[in-house]
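Worksheet: the structure to be examined is printed underneath.
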Amino acid sequence: MSRKLEVLLRENLKDLGKCGDVVRVAPGYARNFLIPRRLATEANEENKRLMARRRIRLDAEEVKRNAEIDARVAKLAGAIVSTSGKADEGGHLFGSVSAANIAELLHKAGHGAVTEKDVRIDAPLKTVGAHAVKLHVFGDRYADVQVVITAEPSA
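In numbering that gives the first Met the number 0, the protein residues as written are 0 to 154.
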């Protein structure tokens, strides 16, 4: 027989639920982890009423944050940055364009603080041409940008 205990979540927990949700968990998990860390509390009527007000505020903040994220994704989506490098006749660069280079190009193009870890490429770009690159914006949100690499004219 598995006896479950109902608790009211005080925070959003990835695998359990959102703030204000009443969830059933093992008594030991509630007693030893959730309640001491103030992640959950007893699921009584007063706590539910108080948590409902907090949930309204948190939902409003989440809507605002999602709007900011959507605006950033829209700003970055379709952005095109370009760079040049020495290349052979076949279009292979004598160097490469790394995630750090792409982040710097985006920063110089006025797209805010983009870090190297936000740029998602499997390997440095080593060929001339247009390359689609994913940028991590927040959570599971990504923006696609275009990196155009041209060959420097030979002297």
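All C-beta atoms, glycine included, are put in the ideal place defined by N, C-alpha and C.
Would you mind giving the Cβ-Cβ distance between residue i and residue j, rounded to the nearest angstrom? I have them listed as a contact below 8 Å.
i: Ala98; j: Glu115; result: 5 Å
i: Leu7; j: Asn46; result: 5 Å
At which residues does the beta strand (DSSP E) containing residue i begin and terminate?
i: Arg23; result: 21-24
i: Ile148; result: 140-150
i: Ala39; result: 39-41
i: Gly79; result: First, the amino acid is wrong: residue 79 is Ile here, not Gly. Taken as a continuous stretch (DSSP letters only), the beta strand (DSSP E) holding Ile79 covers 79-84.
i: Lys133; result: 128-137
i: His106; result: No beta strand (DSSP E) holds His106; the alpha helix (DSSP H) holding it covers 98-107.
i: Val113; result: Segment: none, Val113 is in no beta strand (DSSP E) and carries neither H nor E.
Decide if residue i is buried, meaning its Cβ has at least 16 other Cβ atoms within 10 Å, or exposed.
i: Arg140; result: exposed
i: Asp117; result: buried
i: Val144; result: buried
i: Val147; result: exposed
i: Ala25; result: exposed
i: Gly89; result: exposed
i: Ala66; result: exposed
From which residue to which residue does the alpha helix (DSSP H) around residue i run?
i: Lys63; result: 44-75
What residue from the options has the CA that sits closest to residue i's CA?
i: Ser81; options: Leu105, Gly94, Asp58, Leu92; result: Leu105
i: Ile101; options: Gly90, Ala122, Pro26, Leu33; result: Ala122
i: Met50; options: Glu10, Gly111, Val147; result: Glu10
i: Lys17; options: Ala42, Phe32, Glu44, Asp58; result: Asp58
i: Val113; options: Leu134, Ser95, Arg52, Gly27; result: Leu134
- prompt: Between the segment 68-85 and the segment 33-42, do three or more beta carbon pairs fall short of 8 Å?
  reply: no
task: Would you be able to state if there are at least three C-beta pairs under 8 Å between the segment 120-136 and the segment 54-62?
output: no
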